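In what follows, a single structure is set out as structure tokens and then discussed.
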Amino acid sequence: MNKNAKAVEIAKDIHWVGAFDPDLRVFDLILKTANGTTYNAYVVRGSEGVAVIDTVKEEFSDAFFERLEQVVAYEDITAVILNHLEPDHVGAAPELMRRAPQARIYVSNRGLKLLNATLKDELEMYAYTLTNDGDQVSLGDRTLTFVHTPYLHWPETKCTWIEDEKILFSCDVFGSHFCDERLYNDLVGDFRFSFEYYFKHIMRPFKRFVLEAMDKIEPLEPALIAPSHGPILRDHPMEYVRSYRSLSASRLPNEMEGKEKSLLIFYMSAYGATADMARSVYEGASDVDGVRVSLYDLQGGETDPFVDLIEEADCLVFGSPTINGDAVKPVWDVLASLISIETKGKFGAAFGSYGWSGEAVPMIEDRLRGLKIRVPEKGVRIKFHPTEQELEDCSAFGRSIAETLCGKAKPKVVDFADL
Ligand code: FEO
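If you count the sequence shown from 1, position 157 lands on 157 in the numbering used here, and the numbers rise without skipping.
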């Protein structure tokens, strides 16, 4: 049992009842945090009902219930609003429903399967509503409005809004993995790094959806943003909304201004064979009007800037020799880094020189398809050093990809990304 777990009133009759997790160092296997995180949950009291908004990770249930009991009796809870059904927010929901079985659960219309997975056989014992964007719940003198924010960062994600007080309960949106018991953004330590790092790892792959969500949230002009991780944003909350918009915008000025397609070729070469192939692919692709082609030797680059370029590119072509039955590590490093950006709908291709079996090319193609990248051309594999004719084949390969990219040729192989 947590000692001295106190609920915090963040507005009249609205309390924070979350939990601190200062010892966490890695979240969801991919995010590091130097000072832990918080799981923020809230209680909103109205004249004719009480809503609990989100819960906490299961192992922090004791602190959550201890705080909750300070501000509401279980029998008075009328609504349990689950803005997002990832376990760090619904871990205590099954036990909350056992204690407050009369409460109606509200999840977005895309959340039913996850709600089922959360409550299992017990779900049939409770009343629940699948919400649409803009639906409301009345607590008497307070009304909660649901603002659906799909893919920030799961399909079912939503926020809950109180218009009268202009408070937005935003769940993961505008969150940070930062644990500071001073709770408010104007009191805690400097968390700017955490805010941007969190965006980069959680929201960045969904930038398109972030911009759509900001179109909804900006006109609301929240006076207080209460996310489910990290500081509550009461000081200049709109700065964080603007920050999300700017973090979702293009990172670099783009001289192509949308008039040309961008095709990037990345390669590594052990004996120069794959490098020669890369130059031929580059030359072939460069013959096609309307395509700007760039050639990069991965030996000379860091992964992060390449990921920024790839995010805004239309087509990615990877060249790798096969070494010990595999593509080389720098190629995998770049491919692994693409988890943090949206790749669906881009085109991709692979090529490479080999000695025995040449697995690198099909392995890269599989990874591209796994990222929902369309692979319009079967990759080119050449044993040892390419002949003049084989270099011409590489050039034709590059030309064909570029023509497909700008709509001058149809893809030749099955588009697995669309299956
Ligand atoms: Fe904080 Fe997507 O869970």
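All C-beta atoms, glycine included, are put in the ideal place defined by N, C-alpha and C.
Being a predicted model, the structure only gives us computed values, none of them experimental.
Note the first and the last residue of the continuous beta strand (DSSP E) segment covering residue 179.
-> From DSSP, residue 179 is part of no beta strand (DSSP E); its letter is neither H nor E.
9 Å Cβ cutoff met for residue 160 and residue 144 | yes
Do the stretch 329 to 342 and the stretch 273 to 285 touch if we need at least three Cβ pairs shorter than 8 Å?
-> no
Residue 59: CB within 8 Å of a non-hydrogen atom of the ligand FEO | no
Compare the Cα-Cα distances from residue 124 to each of 108, 133, 101, 243 and report the closest residue.
-> 101
Extent of the continuous beta strand (DSSP E) run through residue 315 | 315 to 319
9 Å Cβ cutoff met for residue 83 and residue 105 = no
Is DSSP giving residue 1 helix, strand or coil here?
-> Because the pLDDT at residue 1 is just 46, under 50, the model does not fix this residue reliably, and the point stays unresolved.
Reference residue 68; option with closest CA among 387, 95, 239, 325 = 95
Under 8 Å from any heavy atom of the ligand FEO, does the C-beta of residue 228 make it?
-> yes
Burial state of residue 399, where buried means 16 or more other Cβ atoms lie within 10 Å = buried
For residue 17, count neighbouring Cβ atoms within 10 angstroms of its own Cβ and tell me buried if that reaches 16, exposed if not.
-> buried
When you compare only the Cα positions, how much space is there between residue 133 and residue 379?
-> 45 Å
Using 10 angstroms around the beta-carbon of residue 193, count the other beta-carbons present and answer buried if the total reaches 16, otherwise exposed.
-> exposed
Should residue 156 be listed as close to the ligand FEO, given that the test is whether its C-beta is under 8 Å from any heavy atom?
-> no
Please confirm whether any heavy atom of the ligand FEO lies closer than 8 Å to the CB of residue 425.
-> Residue 425 is absent from the model: the chain starts at 1 and stops at 419.
Where does residue 100 sit, in a helix, a strand or coil, going by DSSP?
-> coil
Separation of residue 223 from residue 247, as counted between CA atoms = 21 Å
CB-CB under 6 Å to residue 371, same chain, minus the five flanking residues each way: which ones, in chain order?
-> 338, 343
Could you tell me whether the Cβ of residue 68 comes closer than 9 Å to any Cβ of chain B?
-> This model lacks chain B altogether; it includes just one protein chain.
Relative to the ligand GDP, is the shortest distance from any of its heavy atoms to the C-beta of residue 153 smaller than 8 Å?
-> Summarising the ligand content, the structure contains the ligand FEO and does not contain the ligand GDP.
Can you tell me which of the three DSSP states residue 54 falls into?
-> coil
Can you find a heavy atom of the ligand FEO that lies under 8 Å from the Cβ of residue 202?
-> yes
Residue 357, enclosing beta strand (DSSP E) - first and last residue = Residue 357 -> no beta strand (DSSP E), and no H or E assigned at all.
For residue 351, three-class secondary structure by DSSP = strand
Determine the extent of the beta strand (DSSP E) in which residue 171 is found, giving its start and end residues.
-> 167 to 171
List the DSSP bridge partners of residue 32.
-> 26
One or two residues paired with residue 130 in a DSSP bridge | 107
Going by the C-beta, is residue 88 closer than 8 Å to any heavy atom of the ligand FEO?
-> yes
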